[in-house]
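> Just so we're aligned: the sequence shown equals residues 276 to 371 in the numbering used here.
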Amino acid sequence: MNQQHFWNSVDSTLRELLVLAEDMDIHRSKMEEAARDKPRATLAPALAASEIEEFFVAMEGKLLQYYKDKYNYDFVEDEPMGGRYEWHQIEALKTE
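1. Consult DSSP for Y348 and reduce its assignment to one of helix, strand or coil.
2. If you run the structure through DSSP and keep just helix, strand and coil, what is E328?
3. Helix, strand or coil: how does DSSP classify E354 here?
4. Skipping 5 residues on each side, what residues in its chain have a beta carbon closer than 6 Å to that of R359?
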């Protein structure tokens, strides 16, 4: 390989690298611009602690009622109720 051909090859490679770097820079600036312009309205508003507590209290009540109806057992009072299932109390197993 002669010297002229070598430098032409280096020059060509450098030009390709510069074009690639420029393309990457343009791509990066477009991504940064898109990130800046992204609307922030997609975030949910913060809820007050009282609203969160109210939600969980309501859900707990609904779940307790659901299982009370399903298994005819009052889990709050720990008592069987009349209905589909017949509940019997058993002696606890003794462990020694």
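Note that CB positions come from ideal geometry on N, CA and C, so glycine has one too.
On the basis of the data shown:
1. Position 73 of the sequence shown, counted from the first residue, corresponds to residue 348. The answer is strand: DSSP assigns Y348 an E or B state.
2. Locating residue 328 in the sequence shown gives position 53, counting from the first residue. The answer is helix: DSSP assigns E328 an H, G or I state.
3. Sequence index remark: in the sequence shown, residue 354 carries index 79 (1-based). Strand.
4. Within the sequence shown, numbered from 1, the residue matching residue 359 stands at position 84. Answer for R359: N347, listed in chain order.
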